[in-house]
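Position 141, counted from 1, in the sequence shown is what the numbering used here calls 170; the numbers after and before it change by one each time, with no gaps. These notes are about the structure you will find just below.
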Amino acid sequence: MINPEHSPPKYEYCNPAYEAEEASESIPEKPANCENEDPGPQRQQWGSPVEFLMSCISMSVGLGNVWRFPVTAYENGGGAFLIPYLIVLLIIGRPLYYLEMILGQFSGYGQVKIWGVVPLLKGIGYGQAVATWCTVSYYCHLMGLTVFYFLSSFADPLPWAICDPEWADMTTCFPSGGNLSAYDTGNGTLESSSEQFFIRYVVKQKFNIDDGIGLPDWKLVLCLLFSWTSIFLVQVKGIKTSGKVAYFTALFPYVVLIVLLGRGATLPGAETGILYFITPQWQEILNPSVWFAAVSQCFLSLGVGFGPIIMFSSYNDFRHKTYRDSTIVSLMDTLTSLLAGFAIFSILGNLAFELETEVPNVVKGGAGLAFISYPDAIAKFDAVPQLFAVLFFIMMFTLGIGSAMALVGGIITIICDEFPHWQRWRVTLALCTAGFGCGIVFTTPGGLFVFDTVDYFGAGFIIYVLVVFETIAISWIYGLNRFFKDIKFMTNNWHSPYWDLMWTLLIPAMLIVIFVFSMVQYKPLSYEDYVFPDALIASGWVLAAFALTTLPAFAFVAIIRQKEEKSFLKKVQKACQPTSEWGPKNEKIRKEWNTFSQEWRGGPTRMKRITGKRYIKEYKKYW
30 MINPEHSPPK YEYCNPAYEA EEASESIPEK PANCENEDPG PQRQQWGSPV EFLMSCISMS
90 VGLGNVWRFP VTAYENGGGA FLIPYLIVLL IIGRPLYYLE MILGQFSGYG QVKIWGVVPL
150 LKGIGYGQAV ATWCTVSYYC HLMGLTVFYF LSSFADPLPW AICDPEWADM TTCFPSGGNL
210 SAYDTGNGTL ESSSEQFFIR YVVKQKFNID DGIGLPDWKL VLCLLFSWTS IFLVQVKGIK
270 TSGKVAYFTA LFPYVVLIVL LGRGATLPGA ETGILYFITP QWQEILNPSV WFAAVSQCFL
330 SLGVGFGPII MFSSYNDFRH KTYRDSTIVS LMDTLTSLLA GFAIFSILGN LAFELETEVP
390 NVVKGGAGLA FISYPDAIAK FDAVPQLFAV LFFIMMFTLG IGSAMALVGG IITIICDEFP
450 HWQRWRVTLA LCTAGFGCGI VFTTPGGLFV FDTVDYFGAG FIIYVLVVFE TIAISWIYGL
510 NRFFKDIKFM TNNWHSPYWD LMWTLLIPAM LIVIFVFSMV QYKPLSYEDY VFPDALIASG
570 WVLAAFALTT LPAFAFVAII RQKEEKSFLK KVQKACQPTS EWGPKNEKIR KEWNTFSQEW
630 RGGPTRMKRI TGKRYIKEYK KYW
């Protein structure tokens, strides 16, 4: 519902054709004809702070934790990945989450219009939109797979629990829910029925795509259509609907995960898999590729760098306490990843025990790992495995809804911020239709190769670069002195030097170092011994280049718009100054912020040079 006290000023939609010299120091005057113009639609707000918190949890605690985290951990050595991941969450993930919450709540805009704070780098927002689109396209494919498994869960016996001659290789298949005493588990060639069901029946995977990716599977296309239709229905009314849905999507998955972990931990050999997951492999700690994977997982899991956090917080009350929520969500995200990791690796330990092999050799890994390991555990339930299968895939679908509605909502917010008179349902319908069309490529037999390419270049590579520019823009161009001032005004909280150190130095430095070293050791994407075709890898680089080209393109636009300046250097400097779009949207609060800014600047001028504890001490003394 709309909160009248914090609704936008009437002249927000009048598009004044000027910019304040510096938004943090002056307020643009109302246009003379503003009273006679249509103010446009007002921005929604959350029905309650709990809806916002649940939506953030639903977005961050999603497929990135239950599906992608175990996959990434398995492909990067289990315990070798866990330590870098936890370090990255503490040093990079949590500070960035808090930073983006502040940006969205303070400005009341999505991830593009917030860059009124530094117009020169507005391209960051559009680059994030490209990465978001890439991510949501394959998230919805994963949701489609869960729909397929959900419908298959009503069969008795479960189709992946047995070796069906229709799709199984009877010479290598052993039933996931059966007795292995009749099988020679030492020949090293056996595969579980859950693995063959996924590879041979569900996705009909090709093991090379030199002759093309094949035609879409009509069953998966229909499942994909159902996924996008669900997203449309959730998003069409905006946060009025999605906020209510978040209560279920945020809490229900924990019930199912705990049940699966309880079952997995009681299976023979489970402790071997769990130990593999938590035992550090110190020789891998200095491997840049492991750190690159840890940062990519952190970004995708928390949603940092993609824009949904900014979008969600833009619907907050201006005085909302963001620090508490950022702490809760980042903690819940970490615990959920660990919970999913323990569940998956206990199952992998059991498979290794049955096959008399090592955990790294159990399955092939890749995007389908979760659709192999989780169903394998469900097949081993002694009582009504169909019930647990149905509950599990409902959980997976709700996780997908929670993540996808945040990602799609971020893109919708970008469009609605730029074109506030457009009807939201039309924008949502157009986006969901386009998303469905793009996602069909993943339903082909070679779709998993495209999936991995989009995941690496679209969801990982792009965000690395954009987050570096994001932190530099706020910390070094806008300046932490002004940013801390805005935080103080909005939340009345002082911040320790920890945030100063993270935002200005450690985050950009760590990301740059990890990125450079990982690029030096870059190897073409591969599946087992098959290296992806050059054309597919080249398309990934084109995708990354397209997203990153938004940075220089919109920087050029911002510079040429500074027509009042003569020299190029002056134009650049002006393009780095906040515009009238930056600042509180509410007229009354904006005036108070302006007064606060003048008093802040009226304090001791040496404050800009004071850092650390003395910085905080001096400002507390001043106020």
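Where a beta carbon is used, it is the ideal one built from N, C-alpha and C, also for glycine. Computed from a predicted structure; not experimentally measured.
Using only alpha-carbon positions, find the residue among the options that is nearest to residue i.
i      : options                        : result
Tyr127 : Phe575, Asn237, Tyr527         : Tyr527
Pro282 : Val250, Thr301, Met425         : Met425
Leu289 : Ile407, Pro613, Asn623         : Ile407
Gly370 : Pro78, Phe81, Phe625, Gly93    : Gly93
Ala584 : Ile566, Gly476, Gly378, Lys603 : Lys603
Ile401 : Asn379, Thr608, Asp411         : Asn379
Val117 : Ala323, Ala160, Leu377         : Ala323
Tyr507 : Val147, Pro78, Met88           : Val147
Val250 : Gly468, Asp446, Phe341         : Gly468
Ala488 : Val456, Ile441, Ser166, Val419 : Ser166
Thr608 : Phe135, Leu132, Trp144         : Trp144
Gly569 : Ser89, Leu150, Ala160, Leu530  : Ala160
Ile228 : Gln134, Phe561, Leu174, Ser182 : Leu174
Leu535 : Val497, Met83, Ile516, Glu557  : Val497
Val391 : Tyr305, Met361, Ala463, Thr363 : Tyr305
Gln134 : Met340, Ser84, Thr218, Trp196  : Met340
Leu458 : Leu219, Trp629, Gln264, Pro78  : Gln264
Leu360 : Leu119, Trp505, Pro78          : Leu119
Leu262 : Ser181, Thr462, Ala190, Glu387 : Thr462
Check whether the Cβ of residue i sits closer than 7 Å to any heavy atom of the ligand ADP, and report yes or no.
i      : result
Thr442 : In the structure shown, the ligand ADP is absent, as is every other ligand, since no ligand is present at all.
CB-CB under 8 Å to residue i, same chain, minus the five flanking residues each way: which ones, in chain order?
i      : result
Gly582 : The sequence shown places Ala at residue 582, rather than the Gly named in the question. Closer than 8 Å at Cβ, skipping near neighbours: Gly152.
Cys192 : Met199, Cys202, Phe203, Pro204, Ser222, Gln225
Val319 : Asn105, Gly106, Ala109, Phe110, Pro113, Glu313
Under the rule that 16 or more other beta-carbon atoms within 10 Å means buried, what is residue i, buried or exposed?
i      : result
Gly398 : This sequence places Leu at residue 398; Gly is not what is there. Classification of Leu398: buried, given that the 10 Å Cβ count is 16 or more.
Thr101 : buried
Arg511 : buried
Arg353 : exposed
Thr258 : exposed
Pro297 : exposed
Gly241 : exposed
Arg123 : buried
Ala573 : buried
Glu64  : The predicted position of Glu64 is uncertain, since its pLDDT is 40 and thus under 50; a value taken from the coordinates is nonetheless stated next. So Glu64 ends up on the exposed side.
Gln326 : buried
Lys514 : buried
Gln452 : exposed
Val549 : exposed
Trp523 : exposed
Ile448 : According to the sequence provided, residue 448 is Phe. The question's Ile does not apply to it. Exposed is the call here.
Leu509 : buried
His170 : buried
Asp405 : buried
Val571 : exposed
Val483 : buried
Pro414 : buried
Excluding sequence positions up to five away, which residues of its chain have a Cβ less than 7 Å from the Cβ of residue i?
i      : result
Leu368 : Leu286, Leu290
Phe465 : Leu253, Leu254, Trp257
Ile541 : Val497
Less than 8 Å between the C-beta atoms of residue i and residue j, yes or no?
i      : j      : result
Phe236 : Tyr485 : no
Pro613 : Thr472 : no
Ile618 : Lys600 : no
Val358 : Ile86  : yes
Thr520 : Phe335 : no
Glu129 : Ile440 : no
Gly156 : Ala576 : yes
Met88  : Gly332 : yes
Gly438 : Met172 : no
Tyr168 : Leu436 : yes
Can you give me the Cβ contacts of residue i inside the same chain, cut-off strictly under 6 Å, excluding the 5 residues immediately before and after it?
i      : result
Gln310 : Gly106, Gly108, Ala109
Glu499 : Ile153
Ser366 : Asn94, Phe98
Ser375 : Gly293, Ala294, Ala299, Gly302, Ile303
Gly475 : Lys235, Ile238, Ile242, Gly243
Glu594 : Lys600, Lys603
Tyr178 : Phe422
Val176 : Cys252, Phe255
Phe518 : Trp622, Phe625
Ile444 : Val456
Report the residue ranges of all alpha helix (DSSP H) runs contained in full by the segment 516-564; include only those spanning at least 4 residues, in chain order. Those alpha helix (DSSP H) runs which fall completely within the segment 516-564 and span 4+ residues are 526-530, 536-549.
Sequence ranges, alpha helix (DSSP H) only - wholly within the segment 407-483, length at least 4: Segments of the alpha helix (DSSP H) lying fully in the segment 407-483: 414-447, 453-468, 476-482.
Fully enclosed by the segment 72-152, which alpha helix (DSSP H) runs are 4 residues long or longer? For the segment 72-152, the continuous alpha helix (DSSP H) assignments of 4+ residues that do not extend past its boundaries occur at 78-89, 98-104, 108-117, 123-136, in sequence order.
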